Amino acid sequence: MSNSLHITPLGPHIGAEISGISLAGPLDEGQFAQLQQALLTHQVLFFRDQPINPRQQRALANRFGDLHIHPVYPHAPEAEEIIVLDTHDDNPPDNDNWHTDVTFIETPPALAILAAKQLPPVGGDTLWASGIAAFEGLSPRLQQLLAGLEAEHDFTKSFPAHRHNASPAEYQRWQEAAARNPPLRHPVVRTHPLSGRQALFVNEGFTTRLPELPAQESEALLAFLFRHVTKPEYQVRWRWRWREHDIAIWDNRVTQHYANADYLPARRVMHRATVLGDKPFWRAPA
Ligand code: SIN
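Just so it is clear: in the sequence shown, position 26 is 451 by this note's numbering, and no numbers are missing.
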């Protein structure tokens, strides 16, 4: 029987700080089950003082499933599944927008694990928003309208060509990635495959349009939803507070996040592992 995790909720809708576990080594069945349950309940979990190297981070992520290899972001030399987000004045961040990771593929990630490696002296917080709370915050009539609708997601919205043409090799990599990832559709409201809960599943980073609606209606409705999902009521904000070795794990099926880019010209380095998920679907609640 494993020890119980200590779980401190950070708000009513989203976020909890977890202690009583070490993420660098193998987790026993009991710890893993508690982590999964906490993720379903709180959607994003935070852990202090968890030194972890890329191989250990990959092993932790593999416990949850197969990993995604990002088509354009660089990776750690010893583990191609570990993305290195190394941002500074010469490489400004591109994730200071509200996004759900990698929704430009058929089976967007179920979860992601982010480890802080180098932090700016101040700033560089990350914010997460709950798509479940956002959906539940809509009126029943608007919920009905959205349920069953589809949205288009496009890799090139967050990864435009002009940001990936510093060298011929980088541009070729981008071209191949764009060809392999044409725009595709996901439901606007998604049913969580484990909890059955409904979540808003459009994000400003990758969602381009609602193809079943006329262009003006699609534009207006998406603009409203992008704004709605980011209401502070649905959010949690993590202050990494100069502490390398913090880790965040989030359920990418029902959340979106924003990396605050207020720290330049300081440098910030984060490592991310991204666990592949299932094909999003919407099912009417029983
Ligand atoms: C991400 O956008 O996936 C990483 C967030 C961060 O760097 O804080």
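Backbone N, C-alpha and C fix where the C-beta goes; we use that ideal spot for every residue, glycine too. A quick note: this is a predicted structure, and the numbers were derived from the prediction, not measured.
Query                                                                                                                             : Result
Close Cβ partners of residue 431 (< 6 Å) along its chain, the five nearest in sequence each way excluded                          : 444 and 445
Residue 471 - containing beta strand (DSSP E), residue span                                                                       : 469-472
Residues bridged to residue 615 (per DSSP)                                                                                        : 624
Bridge-paired residues (DSSP) for residue 444                                                                                     : 431
Secondary structure of residue 426, DSSP reduced to three states                                                                  : With a pLDDT of 48 at residue 426, under the threshold of 50, the modelled position of that residue is not reliable, and no figure is offered here.
Beta-carbon contacts of residue 499 that lie in its chain and below 7 Å, excluding the five residues immediately before and after : 509
C-alpha gap between residue 679 and residue 596, whole angstroms                                                                  : 32 Å
Residue 426 versus residue 484: straight-line alpha-carbon distance, rounded                                                      : At residue 426, the pLDDT of 48 sits below 50, so the modelled position is not reliable; the number obtained from the coordinates is stated separately. Taking the straight line joining both Cα atoms gives about 22 Å.
Outcome for residue 520 when other beta-carbon atoms lying within 10 angstroms are tallied against a minimum of 16                : buried
Residue 668, buried or exposed, once every other Cβ within 10 Å from all chains shown has been counted against 16                 : exposed
Candidates 642, 454 and 699: closest to residue 482 by CA position                                                                : 699
Alpha-carbon spacing of residue 490 relative to residue 453, whole angstroms                                                      : 16 Å
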